[in-house]
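Each residue of the first sequence is one higher than the one before, starting from 1035 at the first, in the working numbering.
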Amino acid sequence: MTESIVGFDEEVILTDKVRVRFAPSPTGHLHIGGARTALFNWLYSRHNKGTFILRIEDTDTTRSTDEYIEAIIEGMKWLGLDWDEGPFRQTERFDVYRSYADKLIQEGKAYYCNCSAEELEARRKEAMAKGLPLKYDGRCRNKERVQGVEDSRVQGSGSKGQGAVRFKMPQEGRTVVNDLIKGEVVFENTQLDDLIILRSDGTPTYNLTVVVDDVDMKISHIIRGDDHLNNTPKQIHIYNAFGYDIPKFAHLPMILGADKTRLSKRHGATSVMAYYEMGYLPEALMNYLVRLGWSHGDQEIFSKEELVTHFSFENVGKAAAVFNPEKLLWLNSQYIINSKPEELAELVMPFLVKAEIIDEGQALDKAWLSRAIVTLQERAKTLIELANSLRYYISEDIEYIEKAKVKFLNEKSRELLGELKDALSSVADFSMQEIEKVFHDMVEKHGIKLGALAQPVRVAITGGTESPGIYELLEIVGKEKTISRLEKAIKTAV
RNA sequence: GGUCCCAUCGUCUAGUGGCCUAGGACGUGGCCCUCUCAAGGCUAAAACACGGGUUCGACUCCCGUUGGGACCGCCA
């Protein structure tokens, strides 16, 4: 008795297990919209201790490339969206789809269509011009087939030019989609047209493969952009034709550009890896993306763990969101501030190389680099900015910003810089505390404001007028470079 | 054009019929802090698209209007 109850429970848990998938088409890089979809799938699976599957929908062999598959994987890895199964490729499963299609043909649920692409296009244009619905008229639905053609197709002999296969869509009644986000959405079946499931070259199309794979992979929840909402009733009928259970659907609102149209290159960087290159931290991008459509009260910054524990469709909004790069930049700056300097020291290395501040493979004292980074964290919004600021710590020499040079390296400051140089030269322990003492003594002696001394020094050391506090700056730059740069500034000042 | 979705500050959002004199965040302005720049603190301006209902009471529920978006492919 007890045993059977235990067995039953396990069964329930097993069948109720959350299995979700991200199914990108490798016709481009992983972009912001796709990443958000992947993220929500990932969060839902992690929240429910389910399974996250990566499936590559590459049935459009003319547009899909291996390079893009790699690019998508690279993007997911960078964002930290790890998957449990896959990546599966649909091109490796063509036989499976074909056998499913054959089943439908044999059962009279699908049929061959001989209309050419050109004819179809012409009819579409005509319908458009007349203002009629752009729907396939079903003219091949009940056409008698030449004996033998179907047989060759069923046997997979690869006979070409015999037409595409269309799914016979029910034309009566209505279909209800119970969406986890949108609620109940009703479609009139008369609006649905007989879509092509096999092209005339025998390859399967999206609406067939998506259903077959979601069934085969036992997907429990289909989480995708709401641009797919209109496809859902059609897919439901394909599930029905095969006699399969309908999974749960959750259609995410779109991400729009500033002009409120679908996000595209026109709106700036859309590729996820472009954000890597611009010096963003993956956690910041993830945090930004999740807040596009999802919220948890007033909280803005979430750790990954918090996201996983709090995530739920109940808090996903229905309205499309405009992508706002400024808020993402702010979030990135917050993540940089809250990062461990040692971690930033690792992350900034490629950017130092790219900015030609260090050579490829050149090593830096990590402890020293970390101390330098501590002074820069709250001043850099991206890793690129961080790298650029690190320049005056790392490089042997510095270049003056013209405006700064003119304003601060002049006759008046030359005296002060000279006196400071002498004073600092005799400081044995070149620490913040000792440096500060020297500055204070000079300020007091001359009866000047600290700024009158600090700003010329800042220009001498960094070349510009913006930097961390002057004492910490000098300590980390070190005595030797400080003295040499002061000497150079004294020579420069006129 | 047809179908579907959506509608709170410029933007992201909180709000699940009384807690709303509509809250937070980004951005913008001001002030404070201050050796510069930041960061931080305080502060200001800024929204319930409109019109009807339902209700003792609507940002919240219903209907309509308007506006926006998506889809309508032998793309996914």
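For each residue, glycine too, the CB sits at the ideal point set by N, CA and C.
The Cβ atoms of residue 1338 and residue 1287 do not sit closer than 8 Å to each other. Looking only at 1052, 1223, 1380, 1169, the smallest Cα-Cα distance to residue 1084 is reached by 1052. Excluding five sequence positions before and after residue 1117, the CB atoms of its chain that fall closer than 7 Å to its own CB belong to 1086, 1087, 1088, given in chain order.
In the three-state DSSP reduction, residue 1442 falls in the helix class (H, G or I). Beyond the five residues adjoining it in sequence on each side, residue 1058 comes within less than 6 Å, by CB distance, of 1068, 1106 in the same chain, given in chain order. Relative to the Cα of residue 1306, the nearest Cα in the group 1336, 1359, 1354, 1275 belongs to 1359. The Cβ atoms of residue 1409 and residue 1256 do not sit closer than 8 Å to each other. Here the region 1463-1476 makes contact with the region 1498-1513; the two share three or more CB pairs at distances below 8 Å.
Put simply, the region 1216-1231 touches the region 1161-1177. At least three CB pairs are less than 8 Å apart. The region 1316-1333 and the region 1385-1396 do not touch, with fewer than 3 CB-CB distances between them shorter than 8 Å. Secondary structure note for residue 1239: it is in no alpha helix (DSSP H), with a DSSP letter that is neither H nor E. Under DSSP, residue 1147 shares a beta bridge with 1198. Runs of the alpha helix (DSSP H) lying entirely within the region 1043-1106, each at least 4 residues long, are 1066-1081 in chain order. Around the beta carbon of residue 1075, 16 or more other beta carbons lie within 10 angstroms, which makes this residue buried.
Following the DSSP letters along the chain, one finds residue 1256 inside the beta strand (DSSP E) bounded by residues 1255-1259. Pairing residue 1113 with residue 1252, the inter-Cα distance amounts to about 26 Å. Using a Cβ distance threshold of 8 Å, residue 1060 and residue 1128 do not count as a contacting pair.
In this structure, the alpha-carbon of residue 1461 lies about 14 Å from that of residue 1474. Along the length of the region 1449-1509, whole alpha helix (DSSP H) runs at least 4 residues long occupy 1466-1480, 1484-1496, reported in chain order.
In the three-state scheme derived from DSSP, where H, G and I count as helix and E and B as strand, residue 1120 is classed as strand. Residue environment analysis places residue 1335 among the exposed positions, since fewer than 16 neighbouring C-beta atoms fall within 10 angstroms of its C-beta. With respect to the C-alpha of residue 1282, the residue from 1330, 1214, 1347 having the closest C-alpha is 1214. Short of 7 Å from the beta carbon of residue 1447, and not among the five residues preceding or following it, lie these beta carbons of its own chain, in chain order: 1490, 1527.
Minimum Cα-Cα distance from residue 1248 among the listed residues 1262, 1263, 1278, 1066 corresponds to 1278. In the three-state DSSP reduction, residue 1345 falls in the coil class, being neither helix nor strand.
The Cβ atoms of residue 1333 and residue 1370 lie no closer than 8 Å to each other.
Judged by DSSP secondary structure, residue 1410 falls within the alpha helix (DSSP H) whose first and last residues are 1400-1410. Of the other Cβ atoms in all chains shown, fewer than 16 fall within 10 Å of the Cβ of residue 1518; this residue is therefore exposed.
Straight-line spacing of the CA atoms in residue 1142 and residue 1242 works out to 16 Å.
By the neighbour-count definition (other C-beta atoms within 10 Å, threshold 16), residue 1440 is an exposed residue. With a threshold of 16 other beta carbon atoms within 10 Å, residue 1095 falls short and is exposed. Straight-line spacing of the CA atoms in residue 1516 and residue 1419 works out to 23 Å. The closest CA to that of residue 1368, considering only 1413, 1406, 1405, 1263, is found on 1413. Cα atoms of residue 1376 and residue 1426: separation of roughly 19 Å, rounded to the nearest angstrom. Cβ-Cβ separation between residue 1433 and residue 1497: approximately 5 Å, consistent with a contact (criterion under 8 Å).
Residue pairing from DSSP places residue 1305 in a beta bridge opposite 1065.
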